[in-house]
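**Q**
There are 2 protein chains.
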Amino acid sequence: MSLPHPTTDQISLPIVLAVLGDPTRLAIVRYLASKEGVPLNCSKFLDLASKTNLSYHLAKLREAGVTRSEAAGTSRLITLRRDDLDKRFPGLLDSVIAAAGEDKALPMVGTAETEIDA
Amino acid sequence: MSLPHPTTDQISLPIVLAVLGDPTRLAIVRYLASKEGVPLNCSKFLDLASKTNLSYHLAKLREAGVTRSEAAGTSRLITLRRDDLDKRFPGLLDSVIAAAGEDKALPMVGTAETEIDA
DNA sequence: CCAATTGTTCAATAACTCTTGAACTAAGGA
DNA sequence: TCCTTAGTTCAAGAGTTATTGAACAATTGG
């Protein structure tokens, strides 16, 4: 159970862009950004994908250096690596998140029926 | 020979990100940005990929709404759709291009041996 | 008209991506 | 200890992407 994260200077632009180019992962990042500072566990994203599939997407985000995952008991706490991303690619994350706000037709985490218990 | 381009509001964020997530295409966009305003023909990018492969990547960029291609005699003039991208996703293109400048390890158009005749 | 130039289309292929269900691990609580 | 909860790993399949070479169009210049 290693959970390897790239160092800040190992973060690669094409990999970050490709990883953010998936609607499910974009929705995850968007939600993380909206709850900035609050570590979330995977179950928060279960309306985006199945448990198995989430594990896959969260691993992609982690391996790209977009998120950090830390073990906490039986949970995993996920956070955005905002500081590292801002250091490496200033302004990129903000403009992607702002752009995601412009793009209707993107999946969201707590929409409609599930928003009540958020 | 239609050469369809999406309208500004048809441009999709995940598709743009996925398209820019390829090192060859990122290099194309970077070069276009460095020659902003000057329409370039495909041959400018021949050190990035084969003729066939370039056609493929340029079609991807066009279909995503990142570039515009116009027929001009036997050539095709390629331009960045900066205005449209800035309108749809303000700041995104600039931060991606700036980020590309930070990322050593990206392919470039006129590097080293080919730069003499640029 | 003929040939060269510029780029596209097609078919094929290798490689990768996303998604799934079943089986598994690890920690926490009754 | 046993069960539940949280998440991972594995194997498999469907689909997509990148790359190539051969063949094709279209325009331009001689």
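Top line first, the protein sequences correspond to chains A and B.
When we follow the working numbering, the leftmost residue of the first sequence carries the number 1, and every step to the right adds one.
When we follow the working numbering, the leftmost residue of the second sequence carries the number 1001, and every step to the right adds one.
Cβ atoms here follow ideal geometry from the backbone N, Cα and C, with glycine treated the same way.
Based on the DSSP secondary-structure assignment, which residues constitute the bridge partners of A1071 of chain B?
**A** Paired residues: B:R1076.
**Q** By Cβ distance below 7 Å, which residues in the same chain neighbour R30 of chain A in space, the five residues on each side in sequence not counted?
**A** I97 and A100
**Q** Could you name the residues of the region 84 to 99 of chain A whose beta carbon sits closer than 9 Å to any beta carbon of chain B, in the order they occur along the chain?
**A** R88, F89, P90, G91, L92, L93, D94, S95, V96, A98 and A99
**Q** For chain B, find out if any of its Cβ atoms is closer than 8 Å to the Cβ of E63 of chain A; answer yes or no.
**A** no
**Q** Name the chain B residues that come within less than 8 Å of S34 of chain A, Cβ to Cβ?
**A** The premise fails here: S34 of chain A is roughly 16 Å from chain B at the closest Cβ pair, so nothing lies under 8 Å.
**Q** How close, in whole Å, do the beta carbons of E1102 of chain B and F89 of chain A come, if the pair is a contact with beta carbons under 8 Å?
**A** 6 Å
**Q** Between the region 4 to 31 of chain A and chain B, which residues of the former have CB atoms less than 7 Å from a CB of the latter, in chain order?
**A** S12, L13, P14, L17, A18, L20, G21, D22, P23 and L26
**Q** For L1026 of chain B, does the three-state DSSP call read helix, strand or coil?
**A** helix
**Q** If you measure between the beta carbons of A1027 of chain B and P1107 of chain B, is that distance less than 8 Å?
**A** The answer is yes: Cβ separation under 8 Å.
**Q** Could you name the residues of the same chain whose beta carbon sits closer than 7 Å to that of P1023 of chain B, not counting the 5 residues immediately before and after it, in chain order?
**A** L1106 and P1107
**Q** In the DSSP output, what is N41 of chain A paired with across the bridge?
**A** A:L77
**Q** Given K60 of chain A, which residues of its chain have a CB within under 7 Å of its CB, disregarding the five upstream and five downstream residues?
**A** V19 and R25
**Q** Does DSSP classify G101 of chain A as helix, strand or coil?
**A** helix
**Q** Closest to S1012 of chain B by CA distance: which of B:T1079, B:K1035, B:K1087 and B:V1109 is it?
**A** B:K1087
**Q** Does any residue of chain B have a CB that is nearer than 8 Å to the CB of L48 of chain A?
**A** So, not an interface residue.
**Q** What's the C-alpha gap between S75 of chain A and H5 of chain A?
**A** 18 Å
**Q** Taking the alpha carbon of D1084 of chain B as the point to measure from, which residue in B:T1067, B:K1035, B:K1104 and B:G1021 has its own alpha carbon closest?
**A** Closest option to D1084 of chain B, Cα to Cα, is B:T1067.
**Q** Which residues in the same chain have their Cβ closer than 6 Å to the Cβ of L1040 of chain B, if we skip the five residues on either side of it in sequence?
**A** I1078
**Q** Taking the continuous alpha helix (DSSP H) assigned at D1083 of chain B, which residues delimit it?
**A** Where D1083 of chain B is concerned, the enclosing alpha helix (DSSP H) stretches over R1082 to R1088.
**Q** Of the residues A:S95, A:G21 and A:R81, which one's Cα is nearest the Cα of T8 of chain A?
**A** Closest by alpha carbon: A:R81.
**Q** For M1001 of chain B, name the three-state secondary structure that DSSP assigns.
**A** Unreliable positioning characterises M1001 of chain B in this predicted model, as indicated by a pLDDT of 44, which lies under 50. The coordinate reading is nonetheless provided below. It is coil, neither helix nor strand.
**Q** Give me the Cα-Cα distance between K1051 of chain B and L1058 of chain B, rounded to the nearest whole angstrom.
**A** 10 Å
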